[in-house]
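K.L.:
There's a structure below that I have some questions on.
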Amino acid sequence: MNIEKRILFGMMALAAVVPLVVQDQYVLHIAIMVFFFAVLASSLNLVVGYVGEFSLGHTAFLGTGAYTAAILSTQFGWPLWATIPAAGVLAALVGVVIGGLTLRLQGPFFVIVTLSFAEVMRLIADNWIGLTNGPMGIAGVPQPAFLKEAGNLAAKQFYYGIAWVLLALTLYLSYRFVNSNAGRAAVAVRENRYVAQSIGIRPLTYTMLALVLGALLSGMAGGFYAHYISFVGPEVYRFAFMASMIIMVLIGGKGTLVGPLIGALLVTFLEEYLREAKELRLSIFGLAVIAIVLFLPRGLMGFVTQRREKSGLAAPTSTTPNPTSSRRTA
Amino acid sequence: MNTATQSLSGRSLEVQGLSKSFGGIHAVKDISFDVRPGEVVGLIGPNGAGKTTCFNLITGFYAPSAGQVRFGGKDVTGMKPFQMARLGIVRSFQKTNILKSLTVFENVLTGHYLEARQPLWRTFFPDSSVREKERSVRESANRIVQVMGLSNRIDTPASALSCGELRLLEVALALAGKPEILMLDEPAAGLNSQEARAFGEILKTLRGTLVQSIVIVEHNMSLVMGVCDRVVVMHFGQKLAEGSPADIQGNAQVIEAYLGRGTQA
Chain R
1 MNIEKRILFG MMALAAVVPL VVQDQYVLHI AIMVFFFAVL ASSLNLVVGY
51 VGEFSLGHTA FLGTGAYTAA ILSTQFGWPL WATIPAAGVL AALVGVVIGG
101 LTLRLQGPFF VIVTLSFAEV MRLIADNWIG LTNGPMGIAG VPQPAFLKEA
151 GNLAAKQFYY GIAWVLLALT LYLSYRFVNS NAGRAAVAVR ENRYVAQSIG
201 IRPLTYTMLA LVLGALLSGM AGGFYAHYIS FVGPEVYRFA FMASMIIMVL
251 IGGKGTLVGP LIGALLVTFL EEYLREAKEL RLSIFGLAVI AIVLFLPRGL
301 MGFVTQRREK SGLAAPTSTT PNPTSSRRTA
Chain F
1001 MNTATQSLSG RSLEVQGLSK SFGGIHAVKD ISFDVRPGEV VGLIGPNGAG
1051 KTTCFNLITG FYAPSAGQVR FGGKDVTGMK PFQMARLGIV RSFQKTNILK
1101 SLTVFENVLT GHYLEARQPL WRTFFPDSSV REKERSVRES ANRIVQVMGL
1151 SNRIDTPASA LSCGELRLLE VALALAGKPE ILMLDEPAAG LNSQEARAFG
1201 EILKTLRGTL VQSIVIVEHN MSLVMGVCDR VVVMHFGQKL AEGSPADIQG
1251 NAQVIEAYLG RGTQA
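First to last, the protein sequences are chains R and F.
Its first residue numbered 1, the first sequence is counted upward by one per residue in my numbering.
Its first residue numbered 1001, the second sequence is counted upward by one per residue in my numbering.
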């Protein structure tokens, strides 16, 4: 537990000094996207890893957040610091509605219904032209005024800072949740609903809490995305975002806090690196996911902890005559 | 707080005319018994007699077709399982139900859910009272693991435990809910006679210390006769007899119900 906290602190501290060293706009853009996806993957992980149900509708929250921020800033002139929290709150409300309807379902039923919710949201965005400008999307989501004179590099650094704060907030809330009585209750519900109920846990309370927390965070990520890209269209509800999030959570390891970060880092870099390969990269990711599910069902983090546990268990019982060999395994 | 008040204010559990039918099958028919404070009551009967259904009806996993469950004079019929736990009735399951991927300690710690409950915002902004509570439930979890004799397995994942240890863990998990009445469904199933005897010794120490009353469904007769004050016998969903272990052992109907089916325990 403490190791996880230390890793998280280390990673965030390292990330905080990056813009001081790196002045390259392209690299900063990649880093911002890593943060953005890290927030998304962490929020999906709260559902997949702590409710224990696979949501394919997480883009519903992302898209709601993005549209909220875009509409509030273009039509009502709200500044960025107000639109992003508002995006989170509205997405959380959508989370309450969707959760109220879907959290009674389990397994494949939950998967299908959440997927269709995201699809319904996309159709609304496509057709409610008065509000969302339909398939044209909302272009020119305003940037903070002071960025106009500051130049491109400063703008990137500014968004880097905001993304960092969002990710820090995500990790703080997730960490608190996971390591609390509420987090234990959620895990109990995930592991065994009968046991959970027999010790006084009302399952819906905690599946709902995890889902709404995930919705809040991905809604804020959506709000951030609207300002950063300065364009929001119905594509935010498309499956591509969902696929990226799933790959990140699975590769990193669901049910851990560090896993989705590693996943976001790996997948975002790989996507950039494999840009040359065009469509082929989707196939490569597909194969990677199949391999992960088959060989590392708990993801990279699960693999690491498993190795640690094994060597930890082996160490006290091993009676190896050679002290160096036991040290190597430990 | 719970444990201190338990010994003073005892609430009894009363079951009156409880019935449940699945389609045309009367799984439980007009069962009545009560559990007084400080009592250990055994619920026995041949396989399929309706003992587990009876448990499920009392703890809210099934809704009864007829009848009433009262706890401390209050009607609690048809309450949800988590509500029954909040009232002070916690059960274990016949088919071992624990949190498999967690360690022994984490299982028992999770069982302290009700005691460690806090307002939602305190989850994200904990203060010293939350940390204090966390410390005390961890201590309590340690104590319960010790009482159940699982200390040397405390950090072992539940998935790696033996069958006997799993049964102990299940009781530990139920105890962590700090119940007034602990309901155990075949806790000694799968234990050999020596393990069952050790288990009986542990059960005897629980009454009056960690719980007030125990209701136990069990097929191991020496365990039942050893720990119970009173035994209720069920047969084909109905109550066949009730009395002290000695009475039951001498009851002709009970002997017939068991021996007639060729399942001498």
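Built from N, CA and C at the ideal position, the CB exists for glycine as well.
At 9 Å on the CB atoms, spell out the chain R contacts of residue 1085 of chain F, in chain order.
P.N.:
Result: 197, 198, 199, 200, 201.
K.L.:
What residues of chain R sit near residue 1081 of chain F, judged by a beta carbon separation below 7 Å?
P.N.:
The contacting residues are 197, 198.
K.L.:
Does any C-beta atom of chain R lie closer than 7 Å to the C-beta of residue 1145 of chain F?
P.N.:
It does not; no Cβ of chain R falls within 7 Å.
K.L.:
On the DSSP letters alone, give me the boundaries of the beta strand (DSSP E) that residue 1091 of chain F sits inside.
P.N.:
Taken as a continuous stretch (DSSP letters only), the beta strand (DSSP E) holding residue 1091 of chain F covers 1089-1091.
K.L.:
Under a three-way DSSP split, which group does residue 1150 of chain F fall into?
P.N.:
Residue state, collapsed to three classes: coil.
K.L.:
Helix, strand or coil: which one does DSSP assign to residue 1063 of chain F?
P.N.:
Three-state DSSP puts residue 1063 of chain F in coil, outside helix and strand.
K.L.:
Short of 6 Å in beta carbon distance, which residues of its chain neighbour residue 1251 of chain F, apart from the five on each side in sequence? Order them along the chain.
P.N.:
The residues are 1241.
K.L.:
Using the beta-carbon count (16 or more within 10 Å), is residue 1228 of chain F buried or exposed?
P.N.:
So residue 1228 of chain F counts as buried.
K.L.:
Does the Cβ of residue 21 of chain R have 16 or more other Cβ atoms within 10 Å, making it buried, or fewer, making it exposed?
P.N.:
With fewer than 16 Cβ atoms within 10 Å of its Cβ, residue 21 of chain R is classed as exposed.
K.L.:
Would a C-beta distance cut-off of 7 Å place residue 54 of chain R and residue 215 of chain R closer than the cut-off?
P.N.:
Cβ atoms of residue 54 of chain R and residue 215 of chain R: not closer than 7 Å.
K.L.:
Determine whether the beta carbon atoms of residue 1116 of chain F and residue 181 of chain R lie at a separation below 7 Å.
P.N.:
Yes; because the gap between Cβ atoms is below 7 Å, this pair is in contact.
K.L.:
Mind pulling the chain R residues with CB within less than 9 Å of residue 1173 of chain F?
P.N.:
Neighbours of residue 1173 of chain F on chain R, chain order: 195, 198, 199.
K.L.:
Take residue 1026 of chain F and list the residues in its own chain whose beta-carbon comes closer than 6 Å to its own, dropping the five residues that flank it on each side.
P.N.:
Contacts found: 1237.
K.L.:
Report the three-state DSSP secondary structure of residue 1256 of chain F (helix, strand or coil).
P.N.:
Looking at residue 1256 of chain F - three-state DSSP - the assignment turns out to be helix.
K.L.:
When the Cα of residue 1074 of chain F is compared with those of F:1123, F:1016, F:1192, F:1139, which residue comes out closest?
P.N.:
Residue 1074 of chain F has its Cα closest to that of F:1016, out of F:1123, F:1016, F:1192, F:1139.
K.L.:
Quick one, which residues of the segment 169-183 of chain R are near chain F if we go by CB-CB under 9 Å, in chain order?
P.N.:
Residues 172, 173, 176, 177, 180, 181, 182, 183.
K.L.:
Could you list the residues in the segment 1098-1113 of chain F with a C-beta less than 9 Å from some C-beta on chain R, going in chain order?
P.N.:
Those would be 1098, 1099, 1100, 1101, 1102, 1106, 1107, 1109, 1110, 1111, 1112, 1113, in chain order.
K.L.:
Check whether the Cβ atoms of residue 278 of chain R and residue 45 of chain R sit closer than 7 Å, and answer yes or no.
P.N.:
The answer is no: Cβ separation not under 7 Å.
K.L.:
Let me know if residue 1170 of chain F comes out buried or exposed under the rule of 16 or more other beta-carbons within 10 Å of its beta-carbon.
P.N.:
So residue 1170 of chain F counts as buried.
K.L.:
At 4 residues or longer, and completely inside the segment 135-192 of chain R: list those alpha helix (DSSP H) runs for me, N to C.
P.N.:
The qualifying runs are 147-150, 152-178, 181-191.
K.L.:
Whose C-beta lies closer than 8 Å to the C-beta of residue 207 of chain R among residues of the same chain, with five residues either side of it excluded?
P.N.:
Contacts found: 51, 53, 99, 103, 186, 189.
K.L.:
Distance cutoff 7 Å, beta carbons only. Does residue 1124 of chain F sit that close to anything in chain R?
P.N.:
Yes, its Cβ sits closer than 7 Å to a Cβ of chain R.
K.L.:
Determine the chain R residues that contact residue 1198 of chain F at a beta-carbon separation under 7 Å, and present them in chain order.
P.N.:
Neighbours of residue 1198 of chain F on chain R: none; closest Cβ ~24 Å, over 7 Å.
K.L.:
Count the other CB atoms within 10 Å of the CB of residue 1011 of chain F; is the residue buried (16 or more) or exposed (fewer)?
P.N.:
Classification for residue 1011 of chain F: buried.
K.L.:
Determine the direct distance from the alpha carbon of residue 1058 of chain F to that of residue 1021 of chain F, and round the result to whole angstroms.
P.N.:
Going by the C-alpha atoms only, they are around 15 Å apart.
K.L.:
With a floor of 4 residues, list each alpha helix (DSSP H) that falls wholly inside the segment 232-291 of chain R, ordered by position along the chain.
P.N.:
Within the segment 232-291 of chain R, the complete alpha helix (DSSP H) runs of at least 4 residues are 239-252, 258-273.
K.L.:
Using the beta-carbon of each residue, which ones in chain F are nearer than 8 Å to residue 331 of chain R?
P.N.:
Because chain R is modelled from 1 through 330, residue 331 of chain R falls outside the range shown and cannot be assessed.
K.L.:
Run through DSSP, which three-state label would residue 1079 of chain F get?
P.N.:
Coil at residue 1079 of chain F, not helix or strand.
K.L.:
List the residues of chain F whose Cβ lies closer than 7 Å to the Cβ of residue 185 of chain R, in chain order.
P.N.:
Neighbours of residue 185 of chain R on chain F, chain order: 1113.
K.L.:
From R:229, R:10, R:38, pick the residue whose C-alpha is nearest to that of residue 140 of chain R; which is it?
P.N.:
Ranking the options by Cα distance to residue 140 of chain R, first place goes to R:229.
K.L.:
Do residue 267 of chain R and residue 167 of chain R have their CB atoms nearer than 7 Å?
P.N.:
No, they are not a contact pair.
K.L.:
Check whether the segment 234-242 of chain R and the segment 250-264 of chain R touch, using three or more Cβ-Cβ pairs below 8 Å as the test.
P.N.:
No, because fewer than three Cβ pairs between the segment 234-242 of chain R and the segment 250-264 of chain R fall closer than 8 Å, the two stretches do not touch.
K.L.:
When you compare only the Cα positions, how much space is there between residue 193 of chain R and residue 1089 of chain F?
P.N.:
Cα to Cα, residue 193 of chain R sits roughly 17 Å from residue 1089 of chain F.
K.L.:
Along the beta strand (DSSP E) that carries residue 1159 of chain F, what are the first and last residues, could you check?
P.N.:
Run containing residue 1159 of chain F: none; DSSP gives neither H nor E here.
K.L.:
What residue from F:1219, F:1098, F:1087, F:1042 has the CA that sits closest to residue 1072 of chain F's CA?
P.N.:
Measuring from the Cα of residue 1072 of chain F, the nearest candidate turns out to be F:1087.
K.L.:
For residue 306 of chain R, list the residues DSSP reports as bridge partners.
P.N.:
According to DSSP, residue 306 of chain R bridges with nothing at all.
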